[in-house]
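Residue numbers (our numbering): 1 to 280.
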């Protein structure tokens, strides 16, 4: 039996206010570590940690590579790096492939938490555009974790909460003002579900953390070309979630279509290329 002691929170546009409200309600003796991935531009200046710390009783810090997971602290993803968990007890900052066209990505954090911490995880999706975090939240619940979603009706940008709720219909929707209290009530409680993570999840998290994987199963080949490298793609299904991968990154169908809509058509000749191996 394990206890829920890892909280992962993800958001994008319109998420700063609900994130501040959530962290402000967390008690100083929270028996869990809190990891936060919010979409930021690669060259964004720091300052979010200081802003959030002013209203939070827990210490709030920009994540540092190699930090051990310890309860009672909030770690924020830094620009242009994925914030992930490695080996179950260490934070890593990765410059691995973008997921859903962004880095840091919510799905990258959520999937690493699902793989390494499974039933210990409480996943939270806040306001944002498109659907980053939905597939990762499905991975968390498939591993026995708990799913919380900001009430889409109050989210400034409801797309991410709505997408997460469609894919994880059993998730609990909570107003932002009550999320902190709900997290506090959920953490520390026992959970008994456990098991080996599926091989596609191992492959994906290995690619982000290490740039390669010994796991052969990356999903099922599909007749879609990557809009960035024109290489082949694979589909990975987790419950109701389906997302697509190549060696440049991972994307849901919505982010894939969004990318293709903003990419000018390119002429090409010859046979289809193999899955690409480059990093952005």
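Glycine included, every Cβ here is placed at the ideal spot set by N, Cα and C.
Is it buried or exposed for residue i, if we count other Cβ within 10 angstroms and need 16 for buried?
i, result
"residue 94", "buried"
"residue 212", "exposed"
"residue 43", "exposed"
"residue 46", "exposed"
"residue 29", "exposed"
"residue 107", "buried"
"residue 146", "buried"
"residue 10", "buried"
"residue 265", "Residue confidence is low: residue 265 scores 45 on pLDDT, short of 50, so the model does not pin down where it sits. No coordinate-derived value is stated."
"residue 132", "buried"
"residue 59", "exposed"
"residue 166", "exposed"
"residue 64", "exposed"
"residue 222", "exposed"
Is DSSP giving residue i helix, strand or coil here?
i, result
"residue 119", "helix"
"residue 76", "strand"
"residue 20", "helix"
"residue 186", "helix"
"residue 43", "coil"
"residue 213", "coil"
"residue 107", "helix"
"residue 139", "helix"
"residue 205", "helix"
"residue 94", "strand"
"residue 196", "coil"
"residue 32", "coil"
"residue 191", "strand"
"residue 62", "strand"
"residue 164", "helix"
"residue 241", "strand"
Of the choices the options, whose alpha-carbon is the least far from that of residue i?
i, options, result
"residue 100", "39, 191, 28, 119", "39"
"residue 174", "1, 13, 12, 21", "21"
"residue 69", "33, 209, 170", "33"
"residue 82", "104, 25, 55", "104"
"residue 172", "149, 8, 154", "149"
"residue 230", "239, 246, 241, 144", "246"
"residue 41", "139, 12, 59, 240", "12"
"residue 152", "206, 142, 176, 62", "176"
"residue 197", "112, 234, 181, 157", "112"
"residue 72", "86, 64, 56, 178", "56"
"residue 191", "15, 144, 234, 66", "144"
In terms of DSSP beta bridges, what is residue i paired with?
i, result
"residue 221", "234"
"residue 11", "38"
"residue 150", "174"
"residue 83", "93"
"residue 112", "Residue 112 is not bridged to any residue."
"residue 4", "According to DSSP, residue 4 bridges with nothing at all."
"residue 68", "90"
Run the proximity test for residue i: is its beta-carbon closer than 7 Å to any non-hydrogen atom belonging to the ligand HEM?
i, result
"residue 223", "Absence of the ligand HEM from the depicted structure is noted, as is the absence of any ligand whatsoever, leaving it without description."
At least three beta-carbon pairs within less than 8 Å, the region 160 to 169 to the region 179 to 193: no
contact_flag[the region 109 to 127, the region 48 to 68] where n(CB pairs < 8 Å) is 3 or more: no
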